[in-house]
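Visitor: Each number in the working numbering corresponds to the 1-based position in the sequence shown with 978 added. For glycine and all other residues, C-beta sits at the position ideal for the given N, C-alpha and C. The structure presented is a predicted model; accordingly, all values stated were derived computationally and were not measured.
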Amino acid sequence: MEPIVLSSSRPGAAEHEAPAEAHACACGHEDEEKIVLDSRTIPHAIRHATIFGALGAIKPGFALDLIASHNPLPLLGQLESSRPGEFLISYLENGPETWTIRLTRAN
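#1: With a threshold of 8 Å between beta-carbons, can G1063 be considered close to chain B, or not?
#2: Return the CA-CA distance between G1055 and L1042, expressed in angstroms with no decimal places.
#3: Measuring CB to CB, does A1084 end up less than 8 Å from L1066?
#4: Are the CB atoms of I1036 and T1028 within a distance shorter than 8 Å?
#5: May I ask which residues mark the beginning and end of the beta strand (DSSP E) holding E1071?
#6: Just tell me which of R1018, F1040, F1030 has its CA closest to the CA of E1058.
#7: Any heavy atom of the ligand FMN closer than 7 Å to the CB of T1019?
#8: Excluding five sequence neighbours on each side, which residues of the same chain lie with their C-beta closer than 6 Å to the C-beta of S1068?
Here it is, written out as structure tokens:
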């Protein structure tokens, strides 16, 4: 089983992006305006719960780029049903092998 991969940039993105403002905890990490979550590495049994947990941690104005092996329409339907209007959805990559969707917290 491969580990779950979280990164602060899209695969292949420039590594010299400007850092975001520091956050309040003492963990030593910086907040990022966008976070990349590759759902392909998350076991199916906990995939949606993991994604919803990650989205719950996103501050208004910040985004999560979700990478999936298929168009995640069921997940997007669940998101809109449980949190209507809370996230703006933009397709960055639209298949056929990989979909990348930016979910930006609106409020």
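Guide: According to the structure shown:
#1: Although the question refers to chain B, the structure presented lacks it and comprises just one protein chain.
#2: On the sequence shown, residue 1055 is found 77 positions in, with the first residue counted as 1. On the sequence shown, residue 1042 is found 64 positions in, with the first residue counted as 1. Cα to Cα, the separation comes out at about 17 Å.
#3: As a first step, residue 1084 is located in the sequence shown; it is residue number 106 there, counting from the start. As a first step, residue 1066 is located in the sequence shown; it is residue number 88 there, counting from the start. Contact flag set, yes.
#4: Stepping through the sequence shown from its first residue, residue 1028 is reached at position 50. Stepping through the sequence shown from its first residue, residue 1036 is reached at position 58. Their beta carbons are not under 8 Å apart, which means T1028 does not touch I1036 by this criterion.
#5: Walking along the sequence shown from the start, residue 1071 turns up at place 93. E1071 -> beta strand (DSSP E) spans 1065-1072.
#6: Position 80 of the sequence shown, counting from 1, holds the residue named residue 1058. When each option's Cα is compared against that of E1058, the closest is F1030.
#7: Judged by which ligands are present, the structure shown has none, so any question about the ligand FMN falls away.
#8: The count along the sequence shown starts at 1 and reaches residue 1068 at position 90. Closer than 6 Å at the Cβ level, and outside the excluded window around S1068, lie R1080.
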